[in-house]
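Numbering (our numbering), first residue to last: 16 to 273.
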Amino acid sequence: MKSQSIVEKIIKKIIPVLFIISLLGIWEAVVRINKIEPYIMPAPSKVAEALCTDFSVLWENMLVTLYEGMLGFVIAIALSLVLAVMIDLIPLLKQAIYPVLVISQTIPTIAIAPLFLIWFGFGILPKVVVVVLVCFFPMVISLVDGMEAVDQELINHFRLMGANKIQRFIHLKLPFGLINFFSGMRIAATYSIMGAIIGEWLGGNKGLGVYMTRAKSVYAIDKMFAAIVLIVAISMIVFGAIHLIEKIATPWMRQKGE
Numbered sequence: 016m017k018s019q020s021i022v023e024k025i026i027k028k029i030i031p032v033l034f035i036i037s038l039l040g041i042w043e044a045v046v047r048i049n050k051i052e053p054y055i056m057p058a059p060s061k062v063a064e065a066l067c068t069d070f071s072v073l074w075e076n077m078l079v080t081l082y083e084g085m086l087g088f089v090i091a092i093a094l095s096l097v098l099a100v101m102i103d104l105i106p107l108l109k110q111a112i113y114p115v116l117v118i119s120q121t122i123p124t125i126a127i128a129p130l131f132l133i134w135f136g137f138g139i140l141p142k143v144v145v146v147v148l149v150c151f152f153p154m155v156i157s158l159v160d161g162m163e164a165v166d167q168e169l170i171n172h173f174r175l176m177g178a179n180k181i182q183r184f185i186h187l188k189l190p191f192g193l194i195n196f197f198s199g200m201r202i203a204a205t206y207s208i209m210g211a212i213i214g215e216w217l218g219g220n221k222g223l224g225v226y227m228t229r230a231k232s233v234y235a236i237d238k239m240f241a242a243i244v245l246i247v248a249i250s251m252i253v254f255g256a257i258h259l260i261e262k263i264a265t266p267w268m269r270q271k272g273e
C-alpha cells in the first residue's frame, strides 16, 4: 500500500509536467509549420535562446523586481496582521473598515498606479505601494474570516476555563485564523510580483516590467516571453516558500493530514 501511494504521488507530479511539455511541443510545431514571424509569435526554442543570451540582463532586472515585490509583500503581511487583530478585538472597527476594503478592490490598480508616480516619484516607493495594495486585501480578509469561523462552543469552553479575551485570541482564534491566513498569503504572494511589474510598466529604470516595455518597443517578443518565464518562475518559488512556511507554522494541520 505504501509503495502504491508513492507511485500515485509520482504520477500526479509527472502528469502536469508532461502536459506542459506537450503544449510547448504543439506551440513549437504550429509556429514552424505556419512559418510565423518571431515578432508576432516566437517559438519556445527562440524564447529559450533569448533567455540564455540575455540572461545576465534579465537576472539583474529580476533582482530589482523581486526586491520590490518582497518588500511590499512583507509590509502587506504586517499591516494585514495588525488590522485583522484590531478588527477582531474591536467589532465596531469591522463595520467601519470592511466596506472601505471591499471598495478599494473595485478600483483597477492600473488606473491608480499613475497617481502614485505623481505623488511618490519614479523610485521604488510607488512600486512598493502598488504591491501592498494588491496583497493586503486577500490576507486581511482571510485572517478575519478564519478567526470568525471559530466554533462558539470552543470559545465558551475557553471562557469556562477562565481565559480572558487576549488569551482566547492568542491560543484559539489566532491558530484557527492562521490556516485561512496562509491561503490568503499564497494568493497575495503571486500578486506581489504582478504588482511590482505593473508599477514598473508605468515608470522606472530597472526591473522586469521595464525590460518588457523596452523589448515590446523594438518588437523583441522572444525577450518579452523570456521575461514572462522568469516572472512565472519567481511566482512559483515564492508560492512554494509560503507553502513550506505554512507547514512549519501550523504543525497541527500536518499531523491532522497524517
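Think of the CB as a built atom: it goes at the ideal place given N, C-alpha and C, for glycine as much as any other residue.
(message) Please list the terminal residues of the continuous alpha helix (DSSP H) segment that includes Pro-106.
(response) 106-119
(request) Measure the CB-CB distance between Phe-173 and Leu-193 and report whether it falls below 8 Å. (result) no
(message) Against chain B, with Cβ distances strictly below 8 Å, would Val-155 count as a contact?
(response) The question asks about chain B, but that chain is absent: this structure has only one protein chain.
(message) Assess contact between the stretch 140-147 and the stretch 208-218, defined as three or more Cβ pairs (one per stretch) separated by less than 8 Å. Is contact present?
(response) yes
(request) Kindly indicate which three-state DSSP category Phe-254 falls into: helix, strand or coil? (result) helix
(message) For the pair the stretch 74-82 and the stretch 218-233, tell me if three or more CB-CB distances fall below 8 Å.
(response) yes
(request) Count the C-beta pairs between the stretch 118-131 and the stretch 39-59 that are closer than 8 Å, then say yes if the count reaches three, no if not. (result) no
(request) Compare the beta carbon distance of Val-244 and Leu-132 with 8 Å and say whether it is the shorter of the two. (result) no
(message) Considering Cα atoms alone, identify which of Trp-74, Ile-170, Leu-107, Ser-232 is closest to Ala-248.
(response) Nearest of Trp-74, Ile-170, Leu-107, Ser-232 to Ala-248, Cα basis: Trp-74.
(message) Within a Cβ cutoff of 7 Å, which residues of the same chain sit near Ile-212, ignoring the five residues on either side of it in sequence?
(response) Thr-80, Leu-223, Gly-224, Ile-246
(request) Answer with buried or exposed for Arg-201, where buried requires no fewer than 16 other C-beta atoms within 10 angstroms of its C-beta. (result) buried
(message) Quick check on the burial criterion: 16 or more other C-beta atoms within 10 angstroms. Buried or exposed for Thr-205?
(response) buried
(request) In the DSSP assignment, find the alpha helix (DSSP H) that holds Pro-190 and state where it starts and stops. (result) 189-217
(request) Would you decide whether Asp-237 is buried or exposed? Buried here means 16 or more other CB atoms lie within 10 Å of its CB. (result) Asp-237 is buried by the Cβ-count criterion.
(request) Select from Val-155, Ala-230, Tyr-234, Val-149 the residue whose C-alpha is nearest the C-alpha of Val-72. (result) Ala-230
(request) Specify the secondary structure class of Pro-31 as computed by DSSP and reduced to three states. (result) helix
(request) Specify the secondary structure class of Asp-166 as computed by DSSP and reduced to three states. (result) coil
(request) Measure the beta-carbon distance from Val-147 to Ala-91 and round it to whole angstroms, keeping in mind my assumption that it falls under 8 Å. (result) The C-beta distance from Val-147 to Ala-91 rounds to 5 Å, short enough to meet the 8 Å contact threshold.
(message) Using 8 Å as the cut-off, can you tell me whether the stretch 87-104 makes contact with the stretch 153-165, which would need three or more C-beta pairs spanning the two stretches below that distance?
(response) A contact exists between the stretch 87-104 and the stretch 153-165.
(request) Specify, as a first and last residue, the run of the alpha helix (DSSP H) that Met-227 falls within. (result) Membership of Met-227 in the alpha helix (DSSP H) is indicated by the continuous run 223-232.
(request) Using only alpha-carbon positions, find the residue among Asp-166, Phe-151, Leu-38, Gly-177 that is nearest to Tyr-113. (result) Of Asp-166, Phe-151, Leu-38, Gly-177, the residue nearest in Cα terms is Phe-151.
(request) Can you give me the Cβ contacts of Ile-125 inside the same chain, cut-off strictly under 7 Å, excluding the 5 residues immediately before and after it? (result) Ile-213
(request) Take Gly-87 as the anchor and find which of Leu-175, Ser-250, Val-145, Ile-26 has the nearest alpha-carbon. (result) Checked all of Leu-175, Ser-250, Val-145, Ile-26; the closest Cα to Gly-87 is Val-145.
(message) Between the alpha carbons of Lys-262 and Phe-196, how many angstroms are there, rounded?
(response) 13 Å
(request) Using the Cα positions of Ile-170 and Ile-102, report the straight-line distance between them to the nearest angstrom. (result) 17 Å
(message) Less than 6 Å between C-beta atoms, sequence neighbours within five positions excluded: which residues of the same chain meet that for Pro-129?
(response) Leu-217
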